[in-house]
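**Q**
2 protein chains.
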Amino acid sequence: MSTTNFKHDLFSQFARIAKVMGNGYRLEMLEFLAQGERNVEELARLVGLTVANASQHLQQLRLAGLVKNRKVGHRVFYRLAGEDVVRLLSALREVAERLSGDVRSLIEDYLTVKDSLEPVPARQLLERMRSGEVTVLDVRPPEEYAAGHLPGAVNVPVEELEKHVDALPADREIVAYCRGPHCVLAFDAVARLRERGFDARRLDGGLPEWRLDGLPVEAGGPQGPPWKP
Amino acid sequence: MSTTNFKHDLFSQFARIAKVMGNGYRLEMLEFLAQGERNVEELARLVGLTVANASQHLQQLRLAGLVKNRKVGHRVFYRLAGEDVVRLLSALREVAERLSGDVRSLIEDYLTVKDSLEPVPARQLLERMRSGEVTVLDVRPPEEYAAGHLPGAVNVPVEELEKHVDALPADREIVAYCRGPHCVLAFDAVARLRERGFDARRLDGGLPEWRLDGLPVEAGGPQGPPWKP
DNA sequence: TTTGTATTCAAGAGAATAATTGAACAAGTT
DNA sequence: AACTTGTTCAATTATTCTCTTGAATACAAA
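Chains as they are written, first to last, in numbering that gives the first Met the number 0: chain A, 0 to 228; chain B, 0 to 228.
1. Helix, strand or coil for R195 of chain A per DSSP?
2. Is it buried or exposed for L62 of chain B, if we count other Cβ within 10 angstroms and need 16 for buried?
3. So if DSSP puts F76 of chain B in a beta bridge, which residue, or which two residues, is it bridged to?
4. Taking a Cβ distance cut-off of 9 angstroms, strictly less, list which residues of the segment 17–35 of chain B are near chain A, in chain order.
5. List the whole-angstrom C-beta distance separating G21 of chain A from K18 of chain B, where the pair is believed to meet the contact cut-off of C-beta under 8 angstroms.
6. Would H56 of chain B be called buried (16 or more neighbouring beta carbons within 10 Å of its own) or exposed?
7. Once the 5 residues before and after A146 of chain B are set aside, which same chain residues still bring their CB inside 8 angstroms of it?
8. Counting along the chain, where does the beta strand (DSSP E) carrying E172 of chain A start and finish?
9. So L60 of chain A is in the alpha helix (DSSP H); what residue range does that whole segment cover?
10. Pull up the DSSP beta-bridge partners for P118 of chain B, would you.
11. Could you tell me the boundaries of the beta strand (DSSP E) in which L136 of chain A lies?
12. Comparing alpha-carbon positions, which option in B:A185, B:D83, B:V153 and B:F186 lies nearest R210 of chain B?
13. Give every residue of the same chain whose Cβ lies closer than 7 angstroms to the Cβ of L88 of chain B, excluding the five residues on either side of it in the sequence, and list them in chain order.
14. Just to confirm before moving on: does the CB-CB distance between E172 of chain A and R200 of chain A stay below 8 angstroms?
15. Should the segment 35–53 of chain B be regarded as contacting the segment 149–156 of chain B, the criterion being three or more beta carbon pairs within less than 8 angstroms?
16. Using a threshold of 8 angstroms, state whether the C-beta atoms of L202 of chain A and L124 of chain A are closer than that.
17. Pull out every residue of the segment 68–90 of chain B whose Cβ sits closer than 7 angstroms to any Cβ of chain A, in chain order.
18. To the nearest angstrom, how far is the alpha carbon of K162 of chain B from that of D170 of chain B?
19. Against chain B, does R97 of chain A count as a neighbour if the rule is that its beta carbon must be under 8 angstroms from one of theirs?
20. Apart from the five residues just before and just after V102 of chain B, which ones in its own chain have a Cβ nearer than 8 angstroms to its Cβ?
21. Where does the unbroken alpha helix (DSSP H) through E217 of chain B begin, and where does it stop?
22. Apart from the five residues just before and just after V164 of chain A, which ones in its own chain have a Cβ nearer than 7 angstroms to its Cβ?
23. Using a threshold of 8 angstroms, state whether the C-beta atoms of G23 of chain B and A14 of chain A are closer than that.
Next comes the structure, spelled out in structure tokens:
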């Protein structure tokens, strides 16, 4: 019957769009594109693919109508095809967040500042701490700080960041860390600090990873927030 | 490395959901489930799959967290896992409709009279229902009607419309609705009613959208067709 | 023109997905 | 207990997707 065929065709069309979104790399590129136009090479670098591969993924997104592109010189810039794509991404995030809880909408924060958010490797941080050229910020709750933290780290929980932000040194780089690679606190802190003009970065990993590397940990009572160098 | 893993995990989680929606049959089942609970056999019949196959598709939907199920006797009833899934389906439809000329033409081919059938906004309908100046017609199958419908709606499946058309009040406006914006039943019903001189229009959206707006839904057994005001 | 750069195309190996079949499992029924 | 029914599981095959590789295009600069 015609209705059945109609239905079948219709849902196949719908499914094509969902199918194209059903790939981690393509979704990641879409999220980056939601921040603004990007060319192929940038996108490939951001998501960690070869240019050829990224290009093919982008073709699929284009054929599905989720993105558009324009040529400038010999680069091709891609962008989202419309606001409805943003809404679709939001709806998808909403469902994903209900399922995985911890994820949160931090993705946006993470993506907006990603370029400048290259994490500082642990050993590199240790050297620069020793030469006294960085401020190390522990953004975990005080209890966790008390149980062990990086030597000389200042404890400012994320919730209190706004309160104490003025006491932080503005002329030195700040490196924030929290629980580990899946912990969102440090991302959040760095994003906020950068908004206020600080030169802030994130430690690669958290305290457990630091420990695993055999690097020194300072134990002991809570250290009063903002402390001047 | 941690950043990469973080990203990878995050977007893989993400993509799993989209991937599961990237299949016409699964999408179609989701649309049916947006109307109310169904057991496996019903769903298999509705979308035209073998029971075993439908069951496997449903497992995937369940593992992705899009649907939940409960056992009653030896049937298993499936339902959507939450309202966010309805929103996700809507967002997908929105994109599909805007960008896919194919979908648009499919709809228009089938619904030649679409333009003349301006839909009634949900809230406007609610007001006019309350003042009793419209007849609300639910043209979905009785099972779906029983699973939930607009308060005071009369259930007349499209196939039986011709039979019962004489019992409908000719002096008041009739507003028909069915499953959602792409459901053809209400279009069909309105077209037929207009042919017979009724002042008929279509609700903007279907029952799932009505629910999402937080508007009242009446549950309960089948209400006998044509009922006089 | 030649050279270099950014992107796309095309083909093949390896992995993942879908439909089919038949068997396995529970929860009622006889 | 044996049987029936509705659902799920497991194995097979066909199909589709993904990544890699290397070549082809298009544009810009020398």
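Cβ coordinates follow ideal geometry from the N, Cα and C atoms, glycine included.
**A** Short version:
1. Stepping through the first sequence from its first residue, residue 195 of chain A is reached at position 196. Looking at R195 of chain A - three-state DSSP - the assignment turns out to be coil, as it is neither helix nor strand.
2. The residue you call residue 62 of chain B lines up with position 63 of the second sequence. By the neighbour-count rule (16 or more Cβ atoms within 10 Å), L62 of chain B is not buried but exposed.
3. Here residue 76 of chain B refers to the residue found at position 77 when the second sequence is read from its first residue. Note: F76 of chain B sits in a beta bridge opposite B:N38 and B:R69.
4. A17, K18, V19, M20, G21, N22, G23, Y24, R25, L26, E27 and E30
5. Position 22 of the first sequence, counting from 1, holds the residue named residue 21 of chain A. Position 19 of the second sequence, counting from 1, holds the residue named residue 18 of chain B. With 8 angstroms as the limit, G21 of chain A and K18 of chain B qualify as a contact, their Cβ atoms being about 3 angstroms apart.
6. Start at 1 with the first residue of the second sequence, and residue 56 of chain B comes out as number 57. Buried, since its Cβ has 16 or more Cβ neighbours within 10 Å.
7. As a first step, residue 146 of chain B is located in the second sequence; it is residue number 147 there, counting from the start. Q34, G35, E36 and A218, listed in sequence order.
8. Taking the first sequence and counting its residues from 1, the one referred to as residue 172 of chain A is at position 173. Note, E172 of chain A: beta strand (DSSP E), E172 to Y176.
9. Residue numbering aside, residue 60 of chain A sits at position 61 when the first sequence is read from its first letter. Segment V50 to L62, the alpha helix (DSSP H) holding L60 of chain A.
10. One-based indexing of the second sequence puts residue 118 of chain B at position 119. In DSSP, P118 of chain B forms a bridge with B:R201.
11. Taking the first residue of the first sequence as 1, we reach residue 136 of chain A at position 137. Segment V133 to D137, the beta strand (DSSP E) holding L136 of chain A.
12. Working through the second sequence from its first residue, we reach residue 210 of chain B at position 211. That would be B:D83, whose Cα lies nearest to the Cα of R210 of chain B.
13. The residue labelled residue 88 of chain B in the question sits at position 89 within the second sequence. Excluding positions up to five away in sequence, the list reads L29, E30 and A33.
14. Here residue 172 of chain A refers to the residue found at position 173 when the first sequence is read from its first residue. Here residue 200 of chain A refers to the residue found at position 201 when the first sequence is read from its first residue. Going by C-beta atoms, E172 of chain A is nearer than 8 angstroms to R200 of chain A.
15. no
16. Residue 202 of chain A sits at position 203 when you count from the first residue of the first sequence. Residue 124 of chain A sits at position 125 when you count from the first residue of the first sequence. In contact: L202 of chain A and L124 of chain A (Cβ atoms closer than 8 angstroms).
17. G81, D83, V84, R86, L87 and A90
18. Locating residue 162 of chain B in the second sequence gives position 163, counting from the first residue. Locating residue 170 of chain B in the second sequence gives position 171, counting from the first residue. Cα to Cα, K162 of chain B sits roughly 19 angstroms from D170 of chain B.
19. As a first step, residue 97 of chain A is located in the first sequence; it is residue number 98 there, counting from the start. Closer than 8 angstroms: yes.
20. Here residue 102 of chain B is taken as the residue at index 103 of the second sequence, counted from 1. Note that V102 of chain B has pLDDT 46, beneath the 50 cutoff, so the model's placement of it is unreliable and the number below is only indicative. These residues qualify, in order along the chain: A95 and E96.
21. Counting from one through the second sequence, the residue named residue 217 of chain B turns up at place 218. Careful: E217 of chain B lies outside any alpha helix (DSSP H) and carries neither H nor E.
22. Numbered from 1 along the first sequence, position 165 holds the residue referred to as residue 164 of chain A. The residues are R195.
23. Along the second sequence, one-based indexing puts residue 23 of chain B at 24. Along the first sequence, one-based indexing puts residue 14 of chain A at 15. Against a cut-off of 8 angstroms, the Cβ pair of A14 of chain A and G23 of chain B comes out as a contact.
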